[in-house]
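Notes for the one structure printed next.
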Amino acid sequence: MRLPVEVVWSSNIPILADSIPHLEQAVTFRAPFHKPALFINADQSDYIQAQDLALIKAMFPKYVLKRVILDTGSTTIRLRHY
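Quick note: the sequence shown uses my numbering, first residue 59, plus one each step.
Next up, the structure:
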């Protein structure tokens with residue numbers, strides 16, 4: 059039985075807009091992060107690309123990538139593990 063899911067999200071758009079230059083800078087690491095790390099990517103997004111996975115795996119050895127699948131026309135949200 060599927061239960062409807064309502065997603066509500068609000069954000070401070072002016073703060074996010076002002077932060078874009080900082081957010082776009084490359085992240086530098088001194089050493090890999092050895093604790094679990096969750097990466098979330100939307101099904102229609104190309105933000106995390108195949109060539110990014112090697113760097114992600116090197117810097118976050120215990121990473122998990124979840125792809126959020128949004129069914130058009132419904133409120134169903136599924137997580138798919140890669």
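Beta carbons: idealized from backbone N, C-alpha and C, even for Gly.
Does DSSP put residue i in a helix, a strand or coil?
| i | result |
| --- | --- |
| I114 | helix |
| Y140 | Any reading at Y140 must be qualified, since the residue scores a pLDDT of 46, below 50, and its modelled position is unreliable; no value is offered. |
Within 10 angstroms of its Cβ, does residue i collect 16 or more other Cβ (buried), or is it exposed?
| i | result |
| --- | --- |
| F87 | exposed |
| F118 | buried |
Taking a contact to mean a Cβ-Cβ separation below 9 Å, would you say residue i touches residue j in this structure?
| i | j | result |
| --- | --- | --- |
| V126 | I98 | yes |
| L123 | L113 | no |
| L128 | D104 | no |
Quick one: Cα of residue i to Cα of residue j, how far?
| i | j | result |
| --- | --- | --- |
| Q109 | P72 | 32 Å |
| K115 | H80 | 23 Å |
| D76 | N70 | 10 Å |
Whole alpha helix (DSSP H) elements within the region 78-117, 4-residue minimum = 110-117
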